[in-house]
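The structure appears right after this line, and notes come after that.
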């Protein structure tokens, strides 16, 4: 089959995938599997090999990432239900002082965003933003915008978040190097986002009256302006249902004092340090030495996260009054929300396997090579286009990895370069969060923004931060 025909099949497959997700509202996992089967048959994969190709793609992907995502979710869940996230954020506010509370919440979003998924983190931290906005009588957006953008940045860039894990494994990058280079890149992007958000929030924006009443505890005045600096206006109102949950105290499952700032920080940092030590050991210690073998085992992402789950279960659970049944219940409750995410990642692996088995991957690699564009730029632009088209950062990362893997293998890049390519994909997946993104709607609803205001603030900020992440990643390329 000619390259032209194979490319036409690939384009038709991606277009069908977008139509199924956007127009037909088909669940992404189902859409990816259906499109993978259709593309495989159209590209000439023998019917007898079809099931094996799907199983190989699903198994190879989930064998790497399912355990990591599940363990990461457990860590986040224990921190959430123990009250650790609230305690951590409040401690930061006290340390930074009232004048720098927006920066404190931004730092909280960045640190807590590592173990906690974006949507969960937003629900945990938004009540704190409500509280400081109420106390200071300043607009909610000053606190919520940089905080939410920080959590989304970590979600797009860093393991153990599902898109980052899946993309890193698919292209053969190192999770340790992704963390080693990605944490400082992400920190700079988050700081830049904080500075940009200060400029974006200088002016007043319309605010949903229901959210305004929830935050400030007062209706708007007859003149249309509340006795605060936040100005209400028309916007999508849900009668307060979207924010009612935010006024409830964080469930801790125990009446004892919440965990200390140092305890929560140590538990968040522990798996990161273990993974980084494993990567450093493999690159600096003599092959076959006992220290290298020990660090390699401890630094394996699955082992590092498993150790941290045990530490969280003891220090945040057992030592604070949870019995074994309660700890098991909390860990188990972390799995249903991520089950579909894991399946979507596996289906993305199936799509990538089909592209390789059918020869489409080589055809795409030929075309992309002829463009003359660097691999880093191709990764960013492909991820950006898919993010803008279908909304999900995770799907954008997984699909981009499947499309570019043949080209990246042909380019014979080093592990460090592949890790930067994974970060470039994350930069593209961060940008252009708009009306087809569930995260966009969640943030704008909780912040009381209408569609136009969300586009002028949230979408602009995430796009600036995504482009900045790509620039920083490009600057690191000559160093690896």
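Numbering (this note's numbering), first residue to last: 72 to 551.
The beta-carbon is built from N, C-alpha and C at its ideal position, and this holds for glycine as well.
These numbers were taken from a predicted model, which means no experiment stands behind them.
Check, Outcome
"Among residues of its own chain, excluding the 5 on either side of residue 456, which ones have a beta-carbon nearer than 7 Å to its beta-carbon?", "none"
"So, with DSSP's three-state summary, where would you put residue 98?", "coil"
"Within 10 angstroms of its Cβ, does residue 120 collect 16 or more other Cβ (buried), or is it exposed?", "exposed"
"Roughly how many angstroms lie between the CA atoms of residue 200 and residue 363, to the nearest whole one?", "45 Å"
"Counting C-beta neighbours from all protein chains within 10 Å, is the total for residue 477 16 or more, i.e. buried, or is it exposed?", "buried"
"If you check the beta carbons only, do residue 454 and residue 468 fall under 8 Å apart?", "yes"
"Measuring alpha carbon to alpha carbon, tell me which of 281, 165, 267 and 135 ends up nearest residue 231.", "135"
"Report the rounded CA-to-CA distance for residue 408 versus residue 197, giving the unit in angstroms.", "20 Å"
"Beta-carbon separation of residue 113 and residue 146 under 8 Å?", "no"
"Once DSSP output is grouped into helix, strand and coil, what is the label at residue 269?", "helix"
"Can you name, in chain order, every residue of its own chain whose Cβ lies under 7 Å from the Cβ of residue 507, other than the five neighbours on each side?", "93, 461 and 462"
"Kindly confirm or deny that the region 239-258 and the region 517-528 touch, where touching means at least three C-beta pairs closer than 8 Å.", "no"
"On the premise that residue 406 lies in contact with residue 144, defined as a C-beta separation below 8 Å, what is that separation, rounded to the nearest angstrom?", "7 Å"
"Taking 8 Å as the threshold, find out whether the region 180-187 comes into contact with the region 122-139 through three or more Cβ pairs.", "no"
"For residue 544 and residue 494, what's the separation of their Cα atoms in angstroms?", "7 Å"
"Provide the residue span of the alpha helix (DSSP H) that contains residue 541, from first to last.", "531-547"
"What is the DSSP secondary structure of residue 187, counted as helix, strand or coil?", "coil"
"Are there 16 or more other CB atoms within 10 angstroms of the CB of residue 165, so buried, or fewer, so exposed?", "exposed"
"Taking the alpha-carbon of residue 333 as reference, which of 414, 386 and 210 has the nearest alpha-carbon?", "386"
"For a test of the three-state rule: what should DSSP assign to residue 283, helix, strand or coil?", "helix"
"Select from 471, 414, 253 and 479 the residue whose C-alpha is nearest the C-alpha of residue 445.", "479"
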